[in-house]
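J.: Residue numbers for the sequence shown follow our numbering, beginning at 25 and rising by one.
The beta-carbon is built from N, C-alpha and C at its ideal position, and this holds for glycine as well.
Since the structure is predicted, the reported quantities are computational estimates derived from the model, not experimental observations.
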Amino acid sequence: MQRPLLVQTAGIAIVGGGMAGITLALGLVNRGISCKIHERGHIFSEIDAGVTFASNSICAMEACDLSVSTAFKAVATHGLCKPNCANMFERRKELYFDFSGGYHDNGSEPSEVLFSLYNWEGSNSDIAEFRKRVVDESDDQGLITLYFTDDTTATAEAVIEADDVKSHVRRFILGFENHEIHACYSYKCAYRGPIPMENAIAELGEDMAANTEMHLGLDGHVITLPVDRGETMNVVAFTRSKEGSIDPHRSTRAATEKDTPSELAGWSKNVTPILSLLNEYVDTWAIFDMLDYPASTYAKERKVLIGDVAHVASPHHGSGAGFGIEDIAVLAEMLAAPAVKTHKGLRALFQAFDLCRSPRTQWHIAGSRPNGRPDEWQAEGVGVDIEKIATEAHERSEKIAGRYQINDC
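1) Assign residue 325 to one of three DSSP states: helix, strand, or coil.
2) Would you list, in sequence order, the uninterrupted beta strand (DSSP E) runs of no fewer than 3 residues that lie entirely inside the region 305 to 388?
3) Using alpha carbons as the reference points, say which of 155, 100, 182 lies closest to residue 255.
4) Comparing C-alpha positions only, which one of 421, 370, 328 sits nearest to residue 344?
5) Could you tell me whether the Cβ atoms of residue 392 and residue 340 are closer together than 8 Å?
6) On the criterion of 16 or more Cβ atoms from any shown chain inside 10 Å, does residue 335 qualify as buried, or is it exposed?
7) The beta strand (DSSP E) with residue 36 in it runs from where to where?
8) Pull up the distance between the alpha-carbon of residue 191 and that of residue 42, whole angstroms please.
9) Please classify residue 162 as buried or exposed, where buried requires at least 16 other C-beta atoms within 10 Å of its C-beta.
10) Could you give the residue range of the beta strand (DSSP E) that holds residue 216?
11) Residue range of the beta strand (DSSP E) that residue 60 falls in?
12) In three-state terms, what does DSSP make of residue 417?
13) Could you tell me whether the region 39 to 58 touches the region 322 to 332, where touching means 3 or more Cβ pairs closer than 8 Å?
14) Give every residue of the same chain whose Cβ lies closer than 7 Å to the Cβ of residue 27, excluding the five residues on either side of it in the sequence, and list them in chain order.
15) Less than 7 Å between C-beta atoms, sequence neighbours within five positions excluded: which residues of the same chain meet that for residue 301?
16) Indicate the three-state DSSP secondary structure (helix, strand or coil) for residue 404 in the structure shown.
17) Report the rounded CA-to-CA distance for residue 160 versus residue 308, giving the unit in angstroms.
18) Of all the CB atoms in chain B, is at least one closer than 8 Å to the CB of residue 351?
19) With three or more beta-carbon pairs closer than 8 Å as the criterion, would you say the region 352 to 368 touches the region 404 to 420?
20) So for residue 245, helix, strand or coil by DSSP?
21) What separation, rounded to the nearest whole angstrom, lies between the Cα atoms of residue 319 and residue 230?
22) Do the region 387 to 401 and the region 356 to 370 make contact, defined as three or more Cβ pairs closer than 8 Å?
23) In terms of alpha-carbon separation, which member of 348, 325, 414 lies closest to residue 373?
24) Using CA coordinates, which residue listed in 97, 322, 402 is at the minimum distance from residue 376?
25) For the pair the region 397 to 404 and the region 238 to 249, tell me if three or more CB-CB distances fall below 8 Å.
26) On the CB-based measure, 16 or more other CB atoms within 10 Å of its CB, does residue 35 come out buried or exposed?
27) Pick from 348, 67, 394: whose alpha carbon is nearest that of residue 382?
Written out as structure tokens, the structure reads:
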């Protein structure tokens, strides 16, 4: 009997060791598939303002491997406020609408998720190589060769590009002169900073500090959510950017509280104390997505794009990481199929993956940037109509997580 191709020594090369790369590696290893992560950094890292996963994402984690969902749940922070907390009932009279979508039950810091995944029982510390930045790829004598900046190489039966928004590896699938290889500036920026939960509760009250909330306003909105198992309140303030073109490789910088957007200065009695609590070190990020030039394909020969490198979107659906987990669950299961015994089979598999995942992930890109407009009273035909804003939020959440199951793929 012919031996399964992907159990052989060369196996699969995974380019990128963020959340997508590590999750994929766990899914493959636990299916007996040989793989190696090639990470350009000296450690695993993930740049994000905090991640939340709705039911579709949790379902995808479980489909990928139970170790993935277990590792995430070990560091997830749930809504902390008890129903009888002091100011809950009085303050909630001020809410426009209550919206969950499953998001506010499981927020976390991306770095904690990475650490938990990499150190979870069943993960292999030898599965990754660091300081391995890919500069070229070639397909010769049946194996794909990766060339790194340190003049070393690696070979594989197939390559899965799982890098981030700043990735250089799109060009190996989409072409070196293609506009699609670069994510585009969305002319939005986000200010992010952590506030000790003790300070947040003292200033804002337990109900507001300990649960995920979004504060809507003209040309900006502010999200707060508990992370670090309730020790910290994470704050992300979105505004229009006044800057012109920005290099995606220099899209983050340290800021101070003086840099927090003036557009939010005259906001409500809730937002003003949130901004005042931010410590002197605040991160500001330019937001990039692939709305202007979405990838025309995710696959070429025995190479495939997944996660942000394939379909990075603006964060206004709160589902980018979750859609990447969906990619991984589908791809890991497809790669474990007994029929994948030849290079021809791999090529067909990656084309099938592209056909399967493109419609849903392209919908996500197309909708995410516009989805921020109702939150900032900019949506045409919606404006400040709270009922319409609520309806839009619920409809999009339903499409993301309501009836969708990973088995649908």
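T.: According to the data block:
1) The residue labelled residue 325 in the question sits at position 301 within the sequence shown. In this structure, DSSP gives residue 325 a state outside helix and strand, which the three-state scheme calls coil.
2) Listed in chain order, the complete beta strand (DSSP E) runs (minimum 3 residues) inside the region 305 to 388 are 306 to 313, 327 to 329.
3) On the sequence shown, position 231 is the one that residue 255 refers to. Minimum Cα distance to residue 255 is reached at 100.
4) Reading the sequence shown from its first residue, position 320 is the one you call residue 344. When each option's Cα is compared against that of residue 344, the closest is 421.
5) If you number the sequence shown from 1, residue 392 lands on position 368. If you number the sequence shown from 1, residue 340 lands on position 316. A contact, by the Cβ cut-off of 8 Å.
6) The residue given as residue 335 occupies position 311 in the sequence shown. Classification for residue 335: buried.
7) On the sequence shown, residue 36 is found 12 positions in, with the first residue counted as 1. Taken as a continuous stretch (DSSP letters only), the beta strand (DSSP E) holding residue 36 covers 36 to 39.
8) Along the sequence shown, one-based indexing puts residue 191 at 167. Along the sequence shown, one-based indexing puts residue 42 at 18. Cα-Cα distance, rounded: 12 Å.
9) As a position in the sequence shown, residue 162 is number 138, starting the count at 1. Residue 162 is exposed by the Cβ-count criterion.
10) Looking up residue 216 in the sequence shown gives position 192. Bounds of the beta strand (DSSP E) holding residue 216 are 208 to 220.
11) Position 36 of the sequence shown, counted from the first residue, corresponds to residue 60. Segment 59 to 62, the beta strand (DSSP E) holding residue 60.
12) Numbered from 1 along the sequence shown, position 393 holds the residue referred to as residue 417. In this structure, residue 417 counts as helix in the three-state DSSP scheme.
13) Touching, yes.
14) For this step, residue 27 is matched to residue 3 along the sequence shown. With a pLDDT of only 46 at residue 27, under 50, the local geometry of the prediction cannot be trusted, and no value is derived from it.
15) Looking up residue 301 in the sequence shown gives position 277. Taking residue 301 as the centre and dropping the five residues before and after it, the same chain places the C-beta of 219, 223, 224, 227 closer than 7 Å to its C-beta, in chain order.
16) Numbered from 1 along the sequence shown, position 380 holds the residue referred to as residue 404. Residue 404 falls in the coil class under three-state DSSP.
17) As a first step, residue 160 is located in the sequence shown; it is residue number 136 there, counting from the start. As a first step, residue 308 is located in the sequence shown; it is residue number 284 there, counting from the start. Taken atom to atom, the span from the alpha-carbon of residue 160 to that of residue 308 is near 32 Å.
18) Any reference to chain B falls outside this structure, which holds one protein chain only.
19) Taking 8 Å as the limit for Cβ pairs, the verdict is that the region 404 to 420 does not touch the region 352 to 368.
20) Locating residue 245 in the sequence shown gives position 221, where the first residue counts as 1. The DSSP-derived three-state label of residue 245 is strand.
21) The residue you call residue 319 lines up with position 295 of the sequence shown. The residue you call residue 230 lines up with position 206 of the sequence shown. Pairing residue 319 with residue 230, the inter-Cα distance amounts to about 44 Å.
22) Contact fails: fewer than three Cβ-Cβ distances are below 8 Å.
23) What you label residue 373 is simply residue 349 of the sequence shown in a count that begins at 1. With distances taken between Cα atoms, residue 373 lies closest to 325.
24) Against the sequence shown, residue 376 aligns to sequence position 352. Its Cα nearest to that of residue 376, the residue 322 stands out among 97, 322, 402.
25) Touching, yes, given that three or more Cβ pairs across the two stretches are closer than 8 Å.
26) Along the sequence shown, read from residue 1 onward, the residue named residue 35 stands at position 11. Answer is buried; the Cβ neighbour count reaches 16.
27) Locating residue 382 in the sequence shown gives position 358, where the first residue counts as 1. Of 348, 67, 394, the residue nearest in Cα terms is 348.
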